[in-house]
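J.: Handing you this structure, nothing more for now.
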Amino acid sequence: MENQQQNQVIGGSKRIVAVTETPSPSSTNPNNDHHVGHQKHGWKNFFAYVGPGFLVSLAYLDPGNLETDLQAGSSHGYELLWVILIGLIFALIIQSLAANLGVSTGKHLSELCSAEYPVFVKYCLWLLAEVAVIAADIPEVIGTAFALNILFHIPVWVGVLCTGVSTLLFIGLQRYGVRKLELLIAILVFVMAACFFGEMSYVKPPAKELFKGMFIPKLKGDGATADAIALLGALVMPHNLFLHSALVLSRKIPNSIRGINDACRFFLIESGFALFVSFLINVAVVSVSGTVCGADNLSEQNKESCNDITLNSASFLLKNVLGKSSSTVYAIALLASGQSSTITGTYAGQFIMQGFLDLKMKTWLRNLFTRLIAITPSLVVSIIGGPSGAGRLIIIASMILSFELPFALIPLLKFSSSSTKLGPHKNSIYIIVISWILGLGIIGINIYYLSTAFVGWLLNNHLPKVGNVLIGIVVFPLMAIYILAVIYLMFRKDRVVTYINPIKDDHMENGTNSMELVDRVPYREDLVDIPLPQ
Numbered sequence: 000m001e002n003q004q005q006n007q008v009i010g011g012s013k014r015i016v017a018v019t020e021t022p023s024p025s026s027t028n029p030n031n032d033h034h035v036g037h038q039k040h041g042w043k044n045f046f047a048y049v050g051p052g053f054l055v056s057l058a059y060l061d062p063g064n065l066e067t068d069l070q071a072g073s074s075h076g077y078e079l080l081w082v083i084l085i086g087l088i089f090a091l092i093i094q095s096l097a098a099n100l101g102v103s104t105g106k107h108l109s110e111l112c113s114a115e116y117p118v119f120v121k122y123c124l125w126l127l128a129e130v131a132v133i134a135a136d137i138p139e140v141i142g143t144a145f146a147l148n149i150l151f152h153i154p155v156w157v158g159v160l161c162t163g164v165s166t167l168l169f170i171g172l173q174r175y176g177v178r179k180l181e182l183l184i185a186i187l188v189f190v191m192a193a194c195f196f197g198e199m200s201y202v203k204p205p206a207k208e209l210f211k212g213m214f215i216p217k218l219k220g221d222g223a224t225a226d227a228i229a230l231l232g233a234l235v236m237p238h239n240l241f242l243h244s245a246l247v248l249s250r251k252i253p254n255s256i257r258g259i260n261d262a263c264r265f266f267l268i269e270s271g272f273a274l275f276v277s278f279l280i281n282v283a284v285v286s287v288s289g290t291v292c293g294a295d296n297l298s299e300q301n302k303e304s305c306n307d308i309t310l311n312s313a314s315f316l317l318k319n320v321l322g323k324s325s326s327t328v329y330a331i332a333l334l335a336s337g338q339s340s341t342i343t344g345t346y347a348g349q350f351i352m353q354g355f356l357d358l359k360m361k362t363w364l365r366n367l368f369t370r371l372i373a374i375t376p377s378l379v380v381s382i383i384g385g386p387s388g389a390g391r392l393i394i395i396a397s398m399i400l401s402f403e404l405p406f407a408l409i410p411l412l413k414f415s416s417s418s419t420k421l422g423p424h425k426n427s428i429y430i431i432v433i434s435w436i437l438g439l440g441i442i443g444i445n446i447y448y449l450s451t452a453f454v455g456w457l458l459n460n461h462l463p464k465v466g467n468v469l470i471g472i473v474v475f476p477l478m479a480i481y482i483l484a485v486i487y488l489m490f491r492k493d494r495v496v497t498y499i500n501p502i503k504d505d506h507m508e509n510g511t512n513s514m515e516l517v518d519r520v521p522y523r524e525d526l527v528d529i530p531l532p533q
């Protein structure tokens, strides 16, 4: 019996294009063990795919999310819960699209962008992606500084400087295994989640108001639009799209129609469960903040904390459950929450650099590069503005992520809806319509807020007229470039074909176990220098 295997590389992909196999007589027996094993152990195969979705979901519980949740709850009660619901539904859709893109093409999003777009556009997208990674690292820097401030009573700006040492700690713990590090951080993050759930059961937010806030969209009050944009930016992060499309390549997926479909389904289930847990935690944080800060019998000290709530002052929300130890437990969990964005940011930065520039950096060097850039604005703001200024910087970083989103989202939506990229695995018409409506909605809100907020600031500031004119001359062209860039990405026609025909399923119908094909399918051997989670 001879097996003929044809390897073909399209745009750098290492996936197998076709396998022609002559079935053995035993394989045609419908009662053979391989066939029965495939049917019985299908869900056991699911656990071979678990990992990428949970790693990505850690980014939905980082200090940026906690800060925006606390601000939204203290300022608007439960009225912005609908933003979290829509944001995480949208996150599930686009994260599954990112996973499907990697599974079906054998290439991740940054590689496809590099292959598809002209050189100038490619470098612009790379710079924007790097800015997104740095913006996502700023909350980690400030969150870690706040945690050190609570634990050891050192100034916030000193804590910011100390976050450079967390790079070395991150590298040291990686030696014991990435999975163990992920597990440790996940446990500590969920300890904080348990605290907020316990506090939620104690303060008992009104269920009717919770559901109204979750299903009836409102943007009332000062700063509601800005807080909603910050919430979306903290929930739907552009670098996560690059990350998820690459992490799935660490799993050996049979290059057959059934193998690809099974992998896409398993990754969707995993992402759905992980994001549902993230949704519950985010709702709990907003609910506790909204209920405690909205109480009639609030003490004067707590009123002041609620009026200017930051990650540094939020431990008082947990006193009902944890008492005097609330600040210590909160700080430890906040420290762990901050490190989650270190993991996702480092991986995302590596994949972005490798995909756009075909350049690899060692983990410690990549982490140090991102951290040193993120420390600079955090240090300046924490020295000048103190803890409240540093807290506002987290909100600004989340808004930057929201404005950056179209430059990762639009290529993903176009590629995943294109037969030249995904072939028969491209999105159904329903997913295309839903994803584009949500995507354009977020882009529209960003553009609306950007224009109205800037015009309002120009009209109400106290600068000389000459200064306003000069600022307008600089900013309005930048806004026009932003809008034109979004329009270009939306309407540019895809030209590069990267879809690879998978193996036909004839041999599977004859009883060959799909998992046997894993040994024949090389996953991304060109990424071996990047330490993928196993």
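Take the sequence shown: its letter number 156 is residue 155 in numbering that gives the first Met the number 0, and every next letter is one higher.
For glycine and all other residues, C-beta sits at the position ideal for the given N, C-alpha and C.
Does the distance from the C-beta atom of LEU242 to that of VAL468 stay below 7 Å?
T.: Not closer than 7 Å, so no.
J.: I need the boundaries of the alpha helix (DSSP H) containing LYS211, first residue and last residue.
T.: Element bounds for LYS211: 206 to 214.
J.: Determine the DSSP secondary structure at SER113, reduced to helix, strand or coil.
T.: The answer is helix: DSSP assigns SER113 an H, G or I state.
J.: Helix, strand or coil: how does DSSP classify SER314 here?
T.: Here SER314 sits in helix by DSSP.
J.: Quick one: Cα of ALA71 to Cα of TYR48, how far?
T.: Taking the straight line from one Cα to the other gives about 35 Å.
J.: Tell me, to the nearest whole angstrom, how far the beta carbon of LEU246 is from that of PRO51; I am working on the premise that it is less than 8 Å.
T.: Their Cβ separation, rounded to whole angstroms, is 4 Å, which keeps LEU246 and PRO51 in contact under 8 Å.
J.: Please classify SER255: does DSSP put it in a helix, a strand, or coil?
T.: Correct three-state label for SER255: strand.
J.: Under 8 Å by Cβ, that's how I've got LEU240 and LEU108 pegged, so tell me the actual separation to the nearest angstrom.
T.: Right, their Cβ atoms sit about 6 Å apart.
J.: How about SER95 and HIS424: do their beta carbons lie closer than 7 Å?
T.: Going by C-beta atoms, SER95 is not nearer than 7 Å to HIS424.
J.: So the alpha helix (DSSP H) LEU230 belongs to, where does it begin and stop?
T.: Element bounds for LEU230: 223 to 234.
J.: Identify, in the order they occur along the chain, each residue of the same chain with its Cβ nearer than 7 Å to the Cβ of ILE259, setting aside the five sequence neighbours on each side.
T.: So the qualifying residues of the chain are VAL102, SER103, ILE252, HIS424, PRO501.
J.: Alpha helix (DSSP H) containing PRO476: first to last residue?
T.: 464 to 490 is the span of the alpha helix (DSSP H), which, as asked, contains PRO476.
J.: On the CB-based measure, 16 or more other CB atoms within 10 Å of its CB, does TYR498 come out buried or exposed?
T.: Under this definition TYR498 is a buried residue.
J.: CA-CA distance, SER381 and GLY388?
T.: Spanning the two alpha carbons is a distance of roughly 6 Å.
J.: Where does ASN460 sit, in a helix, a strand or coil, going by DSSP?
T.: It is coil, neither helix nor strand.
J.: Out of GLY348, ILE444, ILE85, SER415, state which residue places its alpha-carbon closest to the alpha-carbon of ILE482.
T.: Answer by Cα proximity: ILE444.
J.: From the DSSP output, in three-state form, read off SER387 for me.
T.: Residue state, collapsed to three classes: helix.
J.: So, PHE145 versus LEU310, is the Cβ gap smaller than 7 Å?
T.: Result yes, Cβ atoms of PHE145 and LEU310 sit closer than 7 Å.
J.: Starting from GLY101, trace the alpha helix (DSSP H) both ways and give me its first and last residue.
T.: Note, GLY101: alpha helix (DSSP H), 80 to 104.
J.: Under 8 Å, with one C-beta from each stretch per pair, do the region 426 to 445 and the region 117 to 131 reach the 3-pair mark?
T.: No: fewer than three Cβ pairs fall under 8 Å.
J.: Rounded to the nearest angstrom, what separates VAL473 and LEU462 at their Cα positions?
T.: Straight-line Cα distance between these residues: approximately 15 Å.
J.: If you follow the alpha helix (DSSP H) that ASP136 is part of, which residue opens it and which one closes it?
T.: Here the alpha helix (DSSP H) through ASP136 covers 118 to 151.
J.: Which of the three DSSP states, helix, strand or coil, is assigned to PRO154?
T.: Coil, per DSSP.
J.: Taking only three categories from DSSP, how would you classify TYR577?
T.: Missing from the structure shown is residue 577; the chain here goes from 0 to 533 and no further.
J.: Between LEU150 and the rest of its own chain, which residues show a CB-CB distance below 6 Å, the 5 nearest in sequence each way excluded?
T.: Same-chain partners within the cutoff: ALA330.
J.: Entirely within the region 374 to 442 and at least 4 residues each: give me those alpha helix (DSSP H) ranges in chain order.
T.: For the region 374 to 442, whole alpha helix (DSSP H) runs of length 4 or above, ordered along the chain, are 405 to 415, 418 to 421.
J.: Confirm, please, whether the CB-CB distance from GLY163 to ASN148 is below 7 Å.
T.: No.
J.: Distance check for SER113 and ILE133, CA to CA, integer angstroms please.
T.: Distance between the alpha carbons of ILE133 and SER113 is about 20 Å.
J.: Tell whether a beta-carbon distance below 7 Å holds between LEU400 and MET236.
T.: Yes, they are a contact pair.
J.: Return the CA-CA distance between LEU378 and LEU100, expressed in angstroms with no decimal places.
T.: LEU378 and LEU100: Cα-Cα distance of roughly 38 Å.
J.: Between the C-alpha atoms of CYS161 and PRO138, what's the straight-line distance to the nearest angstrom?
T.: C-alpha separation (whole angstroms): 14 Å.
J.: Would GLN313 and MET199 be called neighbours here (beta carbons separated by less than 7 Å)?
T.: Rather than Gln, the amino acid found at residue 313 in this sequence is Ala. Their beta carbons are not under 7 Å apart, which means ALA313 does not touch MET199 by this criterion.
J.: Should GLY271 and LEU91 be called a contact, given that it needs their Cβ atoms to be closer than 7 Å?
T.: Against a cut-off of 7 Å, the Cβ pair of LEU91 and GLY271 comes out as a contact.
J.: To the nearest angstrom, report how far apart THR143 and LYS203 are at their CA atoms.
T.: Using only the alpha carbons, I get a separation of about 30 Å.
J.: Decide yes or no for the touch test of the region 206 to 215 against the region 319 to 335: beta carbon pairs closer than 8 Å, at least 3 of them.
T.: As far as the Cβ criterion goes, the region 206 to 215 does not touch the region 319 to 335, which means the pair count is below three.
J.: Whose C-beta lies closer than 6 Å to the C-beta of ALA347 among residues of the same chain, with five residues either side of it excluded?
T.: Closer than 6 Å at the Cβ level, and outside the excluded window around ALA347, lie VAL132, HIS238, PHE241, LEU242.
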